[in-house]
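Inspection log for the structure reproduced underneath, given as structure tokens.
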Amino acid sequence: MIDIKILQKLPINSGDYLILPNEERPTFIIPITSKWAYKKAISLIKPKDSLGNLKKSLLAQTPIALLKFFFTIVRIETSINNSGSGQLILPWNQDPNSKFTIFNYNRKHITLFKFGYGNAGDLINNEYKCIELVSKMNAKIIPEVKLFKRNPDYSVMETKFYKGNHPSSLPRAIREFFELCYKTADRKPFKEHPYIVRIKKVLLDVLDNRTDKALKDRILTFTKRFGKELIPVVIMHGDCSMTNIIETNDECWLIDWEEGIMDGVPLDVGYFDFRIKIDRGGTWEINSSVDFLVVMHYLYFQIKHGNESSLDKIEWKDKTVRVKTV
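Take the sequence shown: its position 92, counting from 1, is numbered 946 in my numbering, and each next residue is one higher.
Spelled out as structure tokens, the structure:
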């Protein structure tokens, strides 16, 4: 359940806010401080399907005075009273009181705030470090950071907001950036690579406690097969997928580096293709060490984010992997 006292510490305007769908499972916190602020916030929401588009349209047409009869509205008192700005707040679905993404807008500009406490603050710190490192490589595929502050209790980062599409193929600039990193990186044997060692331990610890040992056996089989191969030690985004890429006609940006790894493996290019295939019900063929690392990382990612039950959806026969959608 959302804690109003936590919201009062955020860099947002004082006033009334609409919580959707409710306080127990907050997905959007929308300002109703003015008709303009409300309409702008609704316009920034990106529905995932046609039903979401319908709900968005209905919300945009609903008079503010009627909202209180259908939804939860809370009063948030802060020290900020700027009638020329508004803030759309997205609480973190894993812990709605520890991290927030805030669209901060006025009539001309939009910026994006990330605000996190405790471990969630560490994610923001990690994202900043990754963006800083990539910027030193003269890469123009990362969001522009306008502000970063790290305090004992929380961290906050403000970046430029980018409007565009989520591409179904990996943009060339992003592909070329990672491929250049792979070519110039130091290499470690597969079985000694720091990232592989870390995630392998987590995977085997979890899989060892499952009744069905098939996944564990597959991990051990392919680890042995590629054990002596040299693997680059590179910066890794960790979740290079459609929703984390914004593309326009002539530019592209890879956003949300919270899961970034400094001593990672060269899987981001492959991971994008992997996600496209499995999210559409297709299969993934393991024909190389990178193909296998993509699968290892995906399994680790599910465990890391508390989705162990999703391992039951994995179908892995010989070198073919599929994720059941039903």
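Don't be surprised by glycine CBs; every beta carbon is placed ideally from N, CA and C. This one's a predicted model, so the numbers in the text were calculated from it and none came from an experiment.
Mind checking residue i: buried by the 16 CB within 10 Å criterion, or exposed?
| i | result |
| --- | --- |
| Lys962 | exposed |
| His1091 | buried |
| Ala895 | buried |
| Gly1135 | exposed |
| Gly906 | exposed |
| Arg929 | exposed |
| Glu981 | buried |
| Arg1072 | buried |
| Asp1110 | buried |
| Asn1161 | exposed |
| Trp1170 | buried |
| Ile886 | buried |
| Lys859 | exposed |
| Glu1105 | exposed |
| Asn947 | exposed |
| Lys1000 | exposed |
| Lys953 | buried |
| Leu861 | buried |
| Lys1042 | buried |
Just to confirm the assignment, what range does the beta strand (DSSP E) spanning residue i have?
| i | result |
| --- | --- |
| Asp1117 | Ile1115 to Gly1118 |
| Asn958 | Lys953 to Tyr959 |
| Met1096 | No beta strand (DSSP E) holds Met1096; DSSP gives it neither H nor E. |
| Arg1176 | Thr1174 to Val1177 |
| Phe969 | Ile964 to Tyr971 |
| Ile942 | The amino acid occupying residue 942 in the given sequence is Leu; Ile does not appear at that position. That run of the beta strand (DSSP E) goes Gly940 to Pro945. |
| Lys889 | First-last for Lys889: Lys889 to Leu898, but that is the alpha helix (DSSP H), not the beta strand (DSSP E). |
| Gly869 | Gly869 to Leu874 |
| Leu864 | First-last for Leu864: undefined, no H or E at that position. |
| Tyr1008 | Tyr1008 to Lys1014 |
| Arg1041 | Arg1041 to Pro1043 |
| Lys1003 | Val999 to Arg1004 |
Please list, in chain order, all residues of the same chain as residue i whose beta carbon is under 6 Å from its beta carbon, the five residues on each side excluded.
| i | result |
| --- | --- |
| Glu1101 | Gly1018, Asn1019, Pro1021 and Pro1025 |
| Lys968 | Thr955, Ile978 and Met1011 |
| Ala919 | none |
| Ser1009 | Gly970, Gly975, Ile978 and Asn979 |
| Lys1039 | The identity of residue 1039 in the sequence shown is Ala, whereas the question assumes Lys. The residues are Pro1086, Val1087 and Val1088. |
| Ala914 | Ile896 |
Looking only at C-alpha atoms, which of the options sits nearest to residue i?
| i | options | result |
| --- | --- | --- |
| Leu874 | Leu942, Ser937, Asn867 and Ala891 | Leu942 |
| Asn936 | Arg879, Asp870 and Ile866 | Ile866 |
| Lys1158 | Lys1070, Phe1076, Asp1117 and Arg1052 | Arg1052 |
| Arg1004 | Gly970, Phe1015, Ile1168 and Tyr1154 | Gly970 |
| Asp1192 | Thr1097, Ala1068 and Asp1104 | Residue 1192 lies beyond the range of the chain shown here (855 to 1180); nothing can be said about it. |
| Phe1146 | Phe1076, Arg1041 and Gln862 | Phe1076 |
| Lys1178 | Lys1131, Asn1141 and His1151 | Lys1131 |
| Thr1013 | Lys863, Tyr1152, Asp1133 and Trp1107 | Trp1107 |
| Lys900 | Ile886, Phe882 and Lys1055 | Phe882 |
| Thr916 | Leu898, Leu1034, Tyr892 and Leu1001 | Tyr892 |
| His1151 | Leu912, Ser1163 and Glu1113 | Glu1113 |
| Tyr1049 | Ala914, Met1116, Glu931 and Gln948 | Met1116 |
| Leu864 | Ala914, Ser933 and Phe925 | Ser933 |
| Glu931 | Val999, Asp870, Phe1002 and Lys1078 | Asp870 |
| Leu1074 | Lys1054, Ile1168 and Thr1065 | Lys1054 |
| Thr1097 | Trp890, Lys1042 and Lys902 | Lys902 |
| Ser897 | Phe924, Ile964, Asp1066 and Leu861 | Ile964 |
| Ile1028 | Phe1002, Lys889, Lys1070 and Ile1099 | Ile1099 |
| Asp1066 | Trp890, Ile1168 and Phe923 | Ile1168 |
Return the chain-ordered list of same chain residues with a C-beta closer than 7 Å to the C-beta of residue i, the five sequence neighbours on each side being excluded.
| i | result |
| --- | --- |
| Ile1143 | This sequence places Ser at residue 1143; Ile is not what is there. The residues are Phe1044, Phe1080, Glu1083 and Ile1085. |
| Ile856 | Ile873, Glu877, Pro880, Pro945, Pro950 and Asn951 |
| Phe1031 | Ala993 and Ile995 |
| Cys1094 | Leu1108, Asp1122, Tyr1125 and Phe1126 |
| Ser939 | Asn867, Asn958, Tyr959 and Asn960 |
| Ser1164 | Gln1156 |
| Phe1002 | Tyr982 and Met1011 |
| Glu1046 | none |
With residue i as the anchor, note down where its alpha helix (DSSP H) starts and where it stops.
| i | result |
| --- | --- |
| Lys1050 | Note on identity: in this sequence residue 1050 is Ile, with Lys being the wrong assignment. Residues Pro1048 to Leu1061. |
| Thr926 | From DSSP, Thr926 is part of no alpha helix (DSSP H) but of the beta strand (DSSP E) over Thr926 to Ile930. |
| Lys859 | Ile858 to Leu861 |
| Glu1030 | Arg1026 to Thr1038 |
| Leu1147 | Ser1143 to Lys1158 |
| Arg879 | From DSSP, Arg879 is part of no alpha helix (DSSP H); its letter is neither H nor E. |
| Ile1168 | Where Ile1168 is concerned, there is no enclosing alpha helix (DSSP H), although the beta strand (DSSP E) it sits in stretches over Ile1168 to Lys1171. |
| Ser911 | Ser904 to Gln915 |
| Leu1074 | Ala1068 to Phe1080 |
| Ile1109 | Segment: none, Ile1109 is in no alpha helix (DSSP H) and carries neither H nor E. |
| Val1123 | Asp1122 to Asp1133 |
Tell me which residues share the same chain as residue i and place their Cβ nearer than 8 Å to its Cβ, disregarding the 5 neighbours each side in the sequence.
| i | result |
| --- | --- |
| Val1148 | Leu1121, Gly1124, Tyr1125, Phe1128 and Trp1138 |
| Leu966 | Thr955, Ile956, Phe957, Asn958, Pro997, Glu1012, Thr1013, Lys1014 and Phe1015 |
| Ile1140 | Phe1076, Phe1146, Val1149, Lys1173, Thr1174 and Val1175 |
| Val1207 | Outside the modelled stretch of the chain, which goes from 855 to 1180, sits residue 1207, for which no answer is possible. |
| Tyr1036 | Pro1086, Val1088 and Pro1120 |
| Glu1033 | Val1123 |
Verify the CB distance criterion: does residue i have a CB-CB separation below 8 Å to chain B?
| i | result |
| --- | --- |
| Pro1006 | Considering every chain present, this structure includes no chain B. It has just one protein chain. |
Meets three-Cβ-pair contact criterion under 8 Å: the stretch 971–987 and the stretch 1045–1065: no
Any contact of the stretch 969–976 with the stretch 991–1001, i.e. 3+ C-beta pairs under 8 Å? no
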